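A.B. asks:
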Amino acid sequence: MSQPDAEYTIPYLAAPWESPHPWSRRLNIAIPDPRGGSEERDKHVAEAKDRISSAEEDGSLLCYGDGSKRIINGSRRVGAGFLITRSGREVSRGKLSLGPRADVFDAEMMALAISAKRAAYMVSQSQSPPPFIIFSSDNQAAVRSISSLKPHAAQAASIMFRRSIDQILTDNPHISITVQWIPGHSDFHGNNRADAIAKAAGLLTPTPIFNRTITWAKSRSKDKAVWAWQKRWKSERHSAHVYITLPKPPTWKLHPIHDRFRAPRAEMCGRELHSRLIQVILGHCFSGAYNLKHRSYDENNLPDPSCPCDHSTIQTIKHVLRDCPLHSSTRYHLRIGSPSIEMATIFGTLKGLWSLIDFLKDSGAFRFPCDSFVS
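Here this note's numbering is used: the first residue of the sequence shown is -17, the next is one more, and so on.
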C-alpha cells in the first residue's frame, strides 16, 4: 500500500470506548447469529421479509444495494448499484464504477453509502418523510461494517453512510433505520434489480475514490503468495502417499471437510480428532516406521514399527485402513465412503473423508502409543 493514492484509514475517527453509534434502537443492524445454524438463518430471512412487507404498506423507504465484480475481455469490472422503492414503486436508482483495483466488498459498501446519501436527500425534500428506512444488502460483512467508524477496509464508505444517516436521524426524530442482510439471488426482487444495476455499473467509465483499495491489495497479495506456494509445491518431491491424499495444488480456500470441526455447531468436536485426520492425510501420523522419527520417544525405548496385530507386518496407513484385523469392527465406516476402500477415493472425495473421520473417531487408530486419550 505504498502507492500515494491508495486507500487509507483514519485510526482515531471514533474513540475506542465509544459505542458503535449514538442512536440506540433507532439504528439497527440485522444479521443472523453466526453461531446459529440453518434454523437461525431461516428465522432471520422470514423476519427480513416481514420487515419489507410492512415497509411497503406504511410508505417506508426500501433501499437495496449490491456490488458486482466481473472479468470482461480480460478487464476487471467492479460496480456498485442501488435501488430505492416506496409503496412498491421505484423512486430512485444509481450506480458507480469503482475501477479494476477494487473488490466486490468495496462495491457492496459503496452501494450502501451512495444509497444512504440519496435517501438523505429524498427525506430532506419530502413533505411526508417515511417512518422507517430499510437498507438491504446480500453481503453480511458489509452490513456488519457499514455503520462502524473504526479503522477497516472501505472505511470511506462507512463515513459517507454515517454522515447521511446521522443527518436523517438528527433532522427527523420519528424515523428509524434498519440495515439488514438478505440472501442474494433469491426471491427478494429489489435485490435482484440492484444486482442488475451493479453489473451495468461495471461497464461505465470508472470514477474510483482511491487508486487501489485495501481489500484489492490484500486479495492480490494473497493470490501472489498462493501462486508462489503452488510453484514451490510442484517443484518439490512428494511421497507416494501424499500424491494420493493431496492430488491438487494448494489454494487459499479451506477444504469443506474442516467445516465439520470449525463450524459454530460442528458435528465433530475436539482438536485431537481433527489433528489426527490432518496427520493421516500428510502421512505424519503415529504408525509404524514413522514413529521412529518422532522426538517424543526415549532413545533407549524406541517403539516397534511392526503392527500389534501380528508383530511382523509394518504398520502403514494403508495396512491399518484396509487389512489390520484390530480395526475390522470399525472398518464399515470406510466402506461407506468406498466399498473396496480405495485410498484415492477415501482421501480424494468428501464422502470418503467423512467416512475416514468416523473411522478415526470409533477406532482410535493412529493415536500416540501408550497414551491415554482424554476427551
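Note that CB positions come from ideal geometry on N, CA and C, so glycine has one too.
Here the structure is a predicted model, which means the values were calculated and not measured.
Please go through the same chain and pick out, in chain order, the residues whose beta-carbon is closer than 6 Å to the beta-carbon of A102, but skip the five residues on each side of it.
C.D. replies: Closer than 6 Å at the Cβ level, and outside the excluded window around A102, lie S146, Q149 and I150.
A.B. asks: Here's the rule: buried if 16 or more other CB atoms are within 10 angstroms of the residue's CB, otherwise exposed. What is S357?
C.D. replies: In this prediction, S357 has a pLDDT of 39, which is less than 50 and means its spatial position is unreliable; what the coordinates show is noted afterwards. Exposed: under 16 other Cβ atoms inside 10 Å.
A.B. asks: What number of angstroms, rounded off, separates the C-alpha of H26 from the C-alpha of D292?
C.D. replies: Taking the straight line joining both Cα atoms gives about 58 Å.
A.B. asks: According to the Cβ coordinates, are Q49 and F64 closer than 8 Å?
C.D. replies: Here the sequence assigns Gly to residue 49, which means Gln is not the residue at that position. No, they are not a contact pair.
A.B. asks: How about K181 and R52: do their beta carbons lie closer than 8 Å?
C.D. replies: Yes, the Cβ-Cβ distance between K181 and R52 is below 8 Å.
A.B. asks: Out of G346, E38 and K216, point me to the one whose CA is closest to P113's CA.
C.D. replies: It is E38.
A.B. asks: Taking C-beta to C-beta, are L255 and K343 nearer than 8 Å?
C.D. replies: For L255 and K343, yes; Cβs fall inside 8 Å.
A.B. asks: Compute the beta-carbon to beta-carbon distance between H315 and D340, rounded to the nearest angstrom, for a pair I have assumed lies under 8 Å.
C.D. replies: Sure, about 4 Å apart at Cβ, within 8 Å.
A.B. asks: Whose C-beta lies closer than 7 Å to the C-beta of S1 among residues of the same chain, with five residues either side of it excluded?
C.D. replies: Around S1: no qualifying Cβ.
A.B. asks: Let me check one thing: in DSSP terms, what residues is D48 bridge-paired to?
C.D. replies: Answer is G63, bridged to D48.
A.B. asks: List the whole-angstrom C-beta distance separating F87 from A30, where the pair is believed to meet the contact cut-off of C-beta under 8 Å.
C.D. replies: Going by Cβ atoms, the distance from F87 to A30 rounds to 21 Å, so no, they are not a contact pair.
A.B. asks: Between R33 and Q162, is the Cβ-Cβ spacing less than 8 Å?
C.D. replies: Yes, the pair counts as a contact, with Cβ atoms nearer than the cut-off.
A.B. asks: Can you check which of these residues, W209, V125, S106 and G76, is closest to A12 by C-alpha distance?
C.D. replies: Checked all of W209, V125, S106 and G76; the closest Cα to A12 is V125.
A.B. asks: Whether or not the segment 304 to 313 and the segment 226 to 233 are in contact is what I'm after, with contact meaning three or more pairs of Cβ atoms, one per stretch, closer than 8 Å; do they touch?
C.D. replies: At 8 Å Cβ cutoff, the stretches do not touch.
A.B. asks: Would you please state the rounded distance, in angstroms, between the beta carbons of P82 and S57? I believe it to be under 8 Å.
C.D. replies: Rounded, the Cβ-Cβ distance is 7 Å, consistent with contact.
A.B. asks: Measure the C-alpha to C-alpha separation of S106 and P238 and round it to an integer number of angstroms.
C.D. replies: Those two C-alpha atoms are separated by around 49 Å.
A.B. asks: Kindly indicate which residue of N55, F117 and W(-1) has the alpha-carbon position closest to the one of N10.
C.D. replies: Cα-wise, what sits closest to N10 is F117.
A.B. asks: With distances taken Cα to Cα, identify the nearest neighbour of T195 among H3, I296, I66 and M91.
C.D. replies: Ranking the options by Cα distance to T195, first place goes to M91.
A.B. asks: Label H290 either buried or exposed according to how many other C-beta atoms from any shown protein chain fall within 10 Å of its C-beta, with 16 as the threshold for buried.
C.D. replies: For the sequence presented, residue 290 should be read as Pro rather than His. With fewer than 16 other Cβ atoms within 10 Å, it is exposed.
A.B. asks: Please report the Cβ distance between Y295 and S345, rounded to the nearest whole angstrom; I am assuming they are in contact, meaning their Cβ atoms lie under 8 Å.
C.D. replies: With the sequence shown as reference, residue 295 is identified as Thr, and Tyr is not the correct amino acid for it. So it is not a contact: roughly 17 Å between Cβ atoms.
A.B. asks: Taking DSSP as the reference, what is the three-state secondary structure of W163?
C.D. replies: DSSP places W163 in strand when its eight states are reduced to three.
A.B. asks: Nearest-angstrom Cα distance between L(-5) and N273?
C.D. replies: Their backbone Cα atoms lie some 56 Å apart in a straight line.
A.B. asks: Give me the Cβ distance between G330 and T298, rounded to the nearest whole Å; I'm assuming they're in contact under 8 Å.
C.D. replies: Not confirmed; about 18 Å, so no contact.
A.B. asks: What residue range does the alpha helix (DSSP H) around S42 cover?
C.D. replies: No alpha helix (DSSP H) holds S42; DSSP gives it neither H nor E.
A.B. asks: Quick one: what's got a C-beta closer than 7 Å to F350's C-beta in the same chain, skipping five residues either side?
C.D. replies: F268.
A.B. asks: Looking only at its own chain, which residues have a Cβ that is under 7 Å from the Cβ of T67, when we skip the five neighbours before and after it?
C.D. replies: Excluding residues within five positions, the ones whose Cβ falls inside 7 Å are L44, V73 and G172.
A.B. asks: Please report the Cβ distance between S6 and G41, rounded to the nearest whole angstrom; I am assuming they are in contact, meaning their Cβ atoms lie under 8 Å.
C.D. replies: Not really, about 24 Å apart at Cβ, beyond 8 Å.
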